[in-house]
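*Asks:* Heads up: the sequence shown at position 188 corresponds to 187 in numbering that gives the first Met the number 0, and the numbers run straight through without jumps.
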Amino acid sequence: MNDRQLIKNLKLLNRLSPSSETMAELKKEIFMHVKTGESKSSRDNVFSFLFAQNARAWNPMVAMAMFALVAVFIFGFIFNGAALIPDLQSKATQVQIALAPNKLAKSKIALAEANRQLEVQKTSVQTNIGSVKTIANSTLQTNNLLASLSLMGEAGKYTRVECQNMYKEYDKYLISLQSTIEDREKNTKEEAVLTELNRLEKQITAYEAQTDARLNLYK
0 MNDRQLIKNL KLLNRLSPSS ETMAELKKEI FMHVKTGESK SSRDNVFSFL
50 FAQNARAWNP MVAMAMFALV AVFIFGFIFN GAALIPDLQS KATQVQIALA
100 PNKLAKSKIA LAEANRQLEV QKTSVQTNIG SVKTIANSTL QTNNLLASLS
150 LMGEAGKYTR VECQNMYKEY DKYLISLQST IEDREKNTKE EAVLTELNRL
200 EKQITAYEAQ TDARLNLYK
């Protein structure tokens, strides 16, 4: 496919109300540029990250943001290969958070990304400083977004029950993260990595205390 054809296909994204056929065509074009060694599930995850949160409220700003992301995705794969996926997923998440309609929706997106990174950490063979810092930053962002929620809800945006359930999900995440960190500490000998793990563990302890305090307000 030449440059002119690629640009033509990317312009499909400028439609304000893309049909299912348009989305299928765009997905097909993205997959054509993904290395054959990349699993279908990984490619589907990337596509979902780009579009799932904004499909219900498509508007020109979303179209422009998604157009840019897809362009980066395709050309990035051409030059950098599959290594671009994690970075692209993180950038897509930040776009989704920025465009989310309210604080609860933003918190849900952030927590989903934190859980995704946690699953990556659980299945990775080794732990490095970069991966620990990444999940620490993601957890911090999630915690900050949750802290901005009104515990009794906001009229027309989210309810008290939805907020409470959000905190319960976050509490489960923190418990799972704590367990994973403890396991990594036992199997890591590199001092620099251990330092980052210890720092993250202290953060988790503080976040758990904050979360417990907020959940207690619902009793």
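Using N, Cα and C, we set each Cβ at its ideal position, and we do this for glycine too.
From residue 158 to residue 143, what distance separates their C-alpha atoms?
*Replies:* Distance from the CA atom of residue 158 to the CA atom of residue 143, rounded to whole angstroms, is 19 Å.
*Asks:* Whose C-beta lies closer than 8 Å to the C-beta of residue 187 among residues of the same chain, with five residues either side of it excluded?
*Replies:* 126, 193, 196
*Asks:* When DSSP builds the beta bridges, which residues end up paired with residue 153?
*Replies:* 157
*Asks:* What is the DSSP secondary structure of residue 216, reduced to helix, strand or coil?
*Replies:* coil
*Asks:* Any idea what DSSP makes of residue 176, helix, strand or coil?
*Replies:* helix
*Asks:* Leaving aside the five residues before and after residue 134 along the sequence, list all residues of the same chain whose C-beta is less than 8 Å from its C-beta, in chain order.
*Replies:* Excluding sequence positions up to five before and after residue 134, its CB lies within less than 8 Å of the CB of 113, 116, 117, 120, 176, 199, all in the same chain and listed in chain order.
*Asks:* Compare the C-alpha of residue 136 against each of 216, 210, 206 and name the closest.
*Replies:* In this structure, 206 is the residue among 216, 210, 206 with its C-alpha nearest to the C-alpha of residue 136.
*Asks:* For the alpha helix (DSSP H) that residue 114 lies in, which residues bound it at each end?
*Replies:* 102-122
*Asks:* Can you give me the start and stop residues for the alpha helix (DSSP H) that residue 135 sits inside?
*Replies:* Taken as a continuous stretch (DSSP letters only), the alpha helix (DSSP H) holding residue 135 covers 128-146.
*Asks:* For a test of the three-state rule: what should DSSP assign to residue 167, helix, strand or coil?
*Replies:* Residue 167: helix per DSSP, three-state reduction.
*Asks:* When you compare each of 166, 209, 139 to residue 152 by their alpha carbons, which one comes out closest?
*Replies:* With distances taken between Cα atoms, residue 152 lies closest to 166.
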